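Novice:
Residue numbers (the numbering used here), protein chains in the order written: chain A, 1 to 314; chain B, 1001 to 1314; chain C, 2001 to 2314; chain D, 3001 to 3314; chain E, 4001 to 4314; chain F, 5001 to 5314.
#1: I want to know whether the region 5073-5089 of chain F touches the region 5167-5177 of chain F - three or more CB-CB distances under 8 Å.
#2: List, in order along the chain, the chain B residues whose C-beta lies closer than 8 Å to that of residue 2112 of chain C?
#3: Within this structure, are the beta carbons of residue 4157 of chain E and residue 5029 of chain F separated by less than 8 Å?
#4: For residue 1072 of chain B and chain C, any beta-carbon pair shorter than 8 Å?
#5: Tell me the DSSP secondary structure of residue 26 of chain A in three-state form.
#6: For a test of the three-state rule: what should DSSP assign to residue 46 of chain A, helix, strand or coil?
#7: Taking C-alpha atoms, which residue in A/62, A/58, A/261 and A/22 lies nearest to residue 207 of chain A?
#8: Closest to residue 2050 of chain C by CA distance: which of C/2027, C/2020 and C/2097 is it?
#9: What does a CB cutoff of less than 8 Å around residue 1195 of chain B pick up in its chain, not counting 5 residues either side in sequence?
#10: Bridge partners of residue 5066 of chain F, per DSSP?
#11: According to DSSP, is residue 2164 of chain C part of a helix, a strand, or is it coil?
#12: How about residue 4105 of chain E and residue 3152 of chain D: do their beta carbons lie closer than 8 Å?
#13: DSSP state of residue 3178 of chain D, grouped into three classes?
#14: Of the residues A/75, A/72, A/122 and A/74, which one's Cα is nearest the Cα of residue 94 of chain A?
#15: Check whether chain B comes within 8 Å of residue 155 of chain A, counting only Cβ atoms and requiring the distance to be less than that.
#16: Compare the Cα-Cα distances from residue 983 of chain B to each of A/257, A/145 and A/85 and report the closest residue.
#17: Are the beta-carbon atoms of residue 3211 of chain D and residue 3197 of chain D separated by less than 8 Å?
#18: What is the DSSP secondary structure of residue 5257 of chain F, counted as helix, strand or coil?
#19: With a cut-off of 8 Å, does the C-beta of residue 2275 of chain C fall near any C-beta of chain B?
#20: Note down, in chain order, every chain E residue with its Cβ under 8 Å from the Cβ of residue 3069 of chain D.
#21: Quick one: is residue 2215 of chain C near chain A, going by C-beta distance under 8 Å?
#22: Count the other C-beta atoms from every protein chain shown that fall within 10 angstroms of the C-beta of residue 113 of chain A, then say buried if there are 16 or more, exposed otherwise.
#23: In three-state terms, what does DSSP make of residue 4151 of chain E?
#24: Is there a Cβ from chain D that is less than 8 Å from the Cβ of residue 5287 of chain F?
#25: According to a CB-to-CB cut-off of less than 8 Å, which residues of the region 4135-4167 of chain E neighbour chain D?
#26: Assuming residue 4283 of chain E and residue 4299 of chain E are in contact, meaning their beta carbons sit under 8 Å apart, how far apart are those beta carbons, in whole angstroms?
#27: Which residues bound the alpha helix (DSSP H) around residue 3292 of chain D?
#28: Kindly indicate if chain F contains any beta-carbon less than 8 Å away from that of residue 2078 of chain C.
#29: What's the C-alpha gap between residue 4019 of chain E and residue 3067 of chain D?
#30: Using a 10 Å radius around the Cβ and a threshold of 16 neighbouring Cβ atoms, would you call residue 4302 of chain E buried or exposed?
#31: By the 10 Å Cβ neighbour count, where 16 or more other Cβ atoms means buried, how is residue 5191 of chain F classified, buried or exposed?
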């Protein structure tokens, strides 16, 4: 693909002509791959709307921690209602775009059904919010109980990247289960960008979950995590290999990530790969590389010092 | 906690009623945990104000690198004064909120004292800024001297995440020492979000400190670092275990992170855990996992190749 | 450097006087290091302009994925032209600042030449955009083919941090080759901040490149990467040591990072350090620490389990 | 009052010192008039908040004409609720400031009562909104029936300055009657600035009122206007003279402006001054200057041609 | 229309319930007048978009006077293209809304035709812009030649409300002639709000037109004005009476305003009413009230002193 | 001037080509009138900067009335300093543009002198601000004493358009006397747009000046007004005729507007035209048209009733 009209720089060609040549080439390319009509038909969700939805949900789920104080109980109620109304309208709008687009990709018709489905998912998601608060409270407690540097719940809720990441993942996971395409992933990648913690919305995570520091954590799509689990920065719960079908295409969707049972601790920079189970109550030390299941109550640690010390000063 | 009025989806219930049911449930929950009055009484610091404070301090500490050029020396002075005035007013305001909140959490009275204390901390912090410039200049030099890819001081000051993280940590650490609650941690977590470098404001760090690349670095609350230390991405200076008191609560505040003496280099992805000392002038190689002290002048490296190579092509 | 007028806190000194004392000290310091005239003469590039340039280029390179849908083909063309025009004007402006500053640093005169050069670089960069689209399409395909969790190209283009990082690095690398100072590095550090992936603009990267998850990836300045390479989170392609010249200054610019040949896969958290070659078609397992070359077709993996399992439950 | 430190321009005094001298003089002046404490205690209402309140009320009273379309009836309801909630919170806040300030001016204590009163006024004002819609619909009809250039109700509601002015005056007048200080006048002066129509919030105006073009219209505080009245640009309904009390102070609040009975038309640039009555059904021509009452059914016009024509062309 | 649920203030009713009662009443009212579906179907043009269109057109028609300077001729061209593209897209969008709405009001179907017509009007309007520049240059010259206080063309173009009003009216008038509904009137009412000058978009105005000061000027829908006419503040070119048809409805659209021939001057606060002609070259003095035609070359002035002077000082 | 490439609408020409044709025509036109270089060399002052300057000066001159309350006296001082610094920097910048442009128009060279002059004017203007406060306080008192509807000084300062107009005119007049081109006129036209009151910056106005309502007031460039003068809406203090020189060009700058001596009242809609004097203590009634001087102590009123009343009802 060559930029039209941009042949020779020595010619008297102006930036103006050059930019147009570039645009002509781009449109030609879009024509060749048959995208022009698509671009003029579908809107994809806007990232800033998704960020706004998550901000509004934070204000709704933790009033007083995010947003300004309310003058009194009545004002608090007015403000929470406005927050909920704005969030639900935005969510339905962005969901609608995703559903229309997904139907098109799957060669389905039925724009009206997309509208109905967007409404229904939004409705069911909002109905589930009060339960979500309870779950998130458990996560806050787990963080406070699990980190000697924490000075109180406020610090956890406002500052802790691990808490932020799990809050967003629980929201995204809930939408995922209700059948929302694309949107949940945009949400978790936003969390990833903020925190360095990459949890796929498809992962299933139990109560009282705590990630400390968190940068570099990766939790794959088919991971299952029990209650009271605590993990540290740099932990990967990943896949080991990717089988293909006869035609050489990747198989998608099958269970390929670990199952972590209740009460497990995994220390920093450890990798656990493949569809294996870490038994209840196990402790996995730092910098461990694990591709086999371990039974309940195990303690796994890096073998030996694994390094040599040379002392030149003596 | 069940969302009121949201019993059955098949009913004619509208999103409007559903949102209200959600809000009612949330307020009920806040009542149950006794938070409503608190929400209507206290403002917590606003993250965007904290970001603004840090931006203003950058402009003040490194004029010409951040913000537009000034027309002449007089204009430069006018602008720096405005920057300092705006920063000190915002800082005092946000500090005041933190102090009021902290007093409440500790069941102390005395809102007026919080105002006085916010003023005093702000005052003392600003008095210390000229000294801070000297220290940060040392960090810039250390980065330029320590990275062959650096093309000049501008690149370090404007681009290097390691410099950004240490600048913010030194500001936060200074406020921490003056007795400011919560705010320092919001600052370092903002740096963490930007850079992937997580340095607790309580860590004590010497002159000419350089972190290269930096993503995944974790430096814990009670870490002490000497002068001329250089560390790479993925290095953890962490704790090994968390003792609890008789009641099973975590002990907080005691020394549980390493002490790194002067002139130490720590290469990428190495973990140093526990209250151990890395002696002056030591070099710790990459991917090392260290839980024991090493004497001055040591060279610690990963033992052996630690991997096997199978060559299928021959 | 002591803040003037800020001697004693107990005195009646006001915040106003304190702030002025601080500003006086800062200006005194700038005088001492001879920076005042510089500050009043040069503008450095503005980070928000660089972010805007990258956003505009995204909209130009992937219309329909970023920005709103266009009403029809004509509107699409109008909008792409506006996007190109705005981007090229901004890019030329910021480039001009960088070139003026770089000339000054190198004690060259000739502001006019800086203007001409900024124009020429911008022109050549825009001429190369259509080719860039082809290359980026290859990266999208590589991601989709390489990750079983990917649901379609949209998800890759909109969400994947690995794709974002390589798109920005390819833009920055192109500017780098055309002789643009400072700006390319600001671009890649912006990508680093968003994604936790740190690729130096000087690195040379082949077609169909895919980084999965990506947090903690570091790819150094003189790295060379072939076609169809795939790497995971936490991989470092770094330098091993930094030689100095006779005067103890770092040598800069020489080849000190690895060469990765075509069709190589490198799993998570592996470090490959020094000017070594990883032969075509090799697979390097996770958590490997490699400082020696490996021949084509090799499989390198972490040796043995490398950890011990103690089972307390049985 | 002389600016301190600004004695001689020829001296080496800098802008910086000059600005400070100016500020010192201003604060000295504020001290002399005893205003400093006042400034640090009271907030006056913010003009942009008042503008926002009026915009929100427009969206509430005329949904579909101001603001974007709603997706469906449910969304419309959600959005109107949010609009009402935001408007009532803002109105109560700004009202509170006005009441606190008014109490202080009248040497009353009782900040709490101000809070209660702000709440009560806001409450009663909102209860009256549905009735207001009916009245405003009458004004729209009067405009459409009274102007041959009008193409429909949309044009009246969206474009007509006369309609805008009366809508704002009816809002302000309603708040005025409920005892709100200052705020109503800020509202009508905002309308004045937009439209050139100056109607005091104290004026009492009947149904189906229409002002065409409107620039220069002045309607004084104690004016009373019946139903179905129509006036044109430049009409003044003003006072004739201002009696003073024994001490030479103006008497305030007494009836000094005209009473206009039902079904009266007043053409452009006419002045009607003093507490006189224009009888039901009268027509007052353009450019009339009237200081005496006229009985019902009168037709008043400018006497004679009032000008002479000299024809130079023939 | 009574606000539901807002019966008694003394009850325990909350603001929240009150606001909802108000919203319920509003929606009930919208149902009664059959507006709900309309509100959920049509968008009316947004005033801020119209303001943006006019700002963009100013930058296009008078580059250098509005907006920042361009670096060179090439940049100027790039920027004007962007300005034109943005303006034409916005104009077509807002026009489309107006046409859809107008068709609905007139019970026509055919949304697609509305799209085609919006495109065609926008196209033809832009084609006419170069001619418009010539006409506006004549207006600038007329202002400079006609006002001894003018210091140059810059002052006229940037500051003079009379020039602003005629520029906007010429734009609106051009759209009006092309068949655009509603939008032209929104434009002239925006000009009216800014300048106090109310010129209907339907008025036909010749070359070299100058309005000095301008506040209070009204120029009606069917007014015709020749070349080289100059008028002052407060001048009304209005209608005298409004005939109705048999059913009592206003007749619309017929010629009811004056015709002003070439080279006429009309001084301040004069009213000229009805479908009369002011002959070529006439001068109409200040404060004249004119309802009869005058032949070419006339001088009309207020008869006699029209006032008496009582001298109390002698 | 015909739009290039836009010959025939029936052709397949696209909006894109049309817009470009329009831009080509505009640039051709700019070339023909020799403006292109000018546009690429000079910036004219930005209207939004001028508005910002006036807002900052309001906050400086009337702290507490504009802007938020300050926490205490120290904060008040910090904030006023910032306000003064920002205002003086912006004013100098915009002034500089005006001076550069004016020099060019007058074929003068010397950009550096423009810089010096901008600095000097700004300096002298700021030195005069404390005196201006005293004068404006007199205007506030005059308004309160002169309007029975005024409830206090707050209402005058915040709401009264007459006060706003005179405040801005006094600022503009002060800059005018110091030799600032263009900027003062932009300021008074901004006031004109807000208030409908058009006072030329060249007018000389005494103490305790009050304009009530104000819409339509015009006060010409060479008007002189004494102390304690009060005027009403629609009053014109204008010129009668404009002499030309031998070449037919307007004479500029000579005295052509009235002189109003101390203690004069002029009622609404009265016109006083030409270089005549209204003697001290005179009262001029409403709707008077005056072109002759009146001695001190005169009472001028509209002669006779000036209208006839026909009573149809009896």
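Yeah, the Cβ is synthetic: ideal placement off N, Cα and C, and Gly gets one too.
Since this is a predicted model, take the numbers as computed values, not measurements.
Specialist: For this structure:
#1: no
#2: Neighbours of residue 2112 of chain C on chain B: none; closest Cβ ~19 Å, over 8 Å.
#3: no
#4: yes
#5: helix
#6: coil
#7: A/261
#8: C/2097
#9: 1161, 1162, 1164, 1165, 1214 and 1215
#10: F/5063
#11: Helix, per DSSP.
#12: Yes.
#13: coil
#14: Closest in alpha carbon position to residue 94 of chain A, among A/75, A/72, A/122 and A/74, is A/122.
#15: yes
#16: Examination of residue 983 of chain B is not possible in this model, given that chain B is present from 1001 through 1314 alone.
#17: In this structure, residue 3197 of chain D lies closer than 8 Å to residue 3211 of chain D by Cβ.
#18: coil
#19: no
#20: Under the 8 Å cutoff, chain E gives 4039, 4040, 4041, 4042 and 4043.
#21: yes
#22: Exposure of residue 113 of chain A is indicated by the presence of fewer than 16 other C-beta atoms within 10 angstroms of its C-beta.
#23: coil
#24: yes
#25: none
#26: 5 Å
#27: In the DSSP assignment, residue 3292 of chain D falls outside any alpha helix (DSSP H), carrying neither H nor E.
#28: yes
#29: 19 Å
#30: buried
#31: buried
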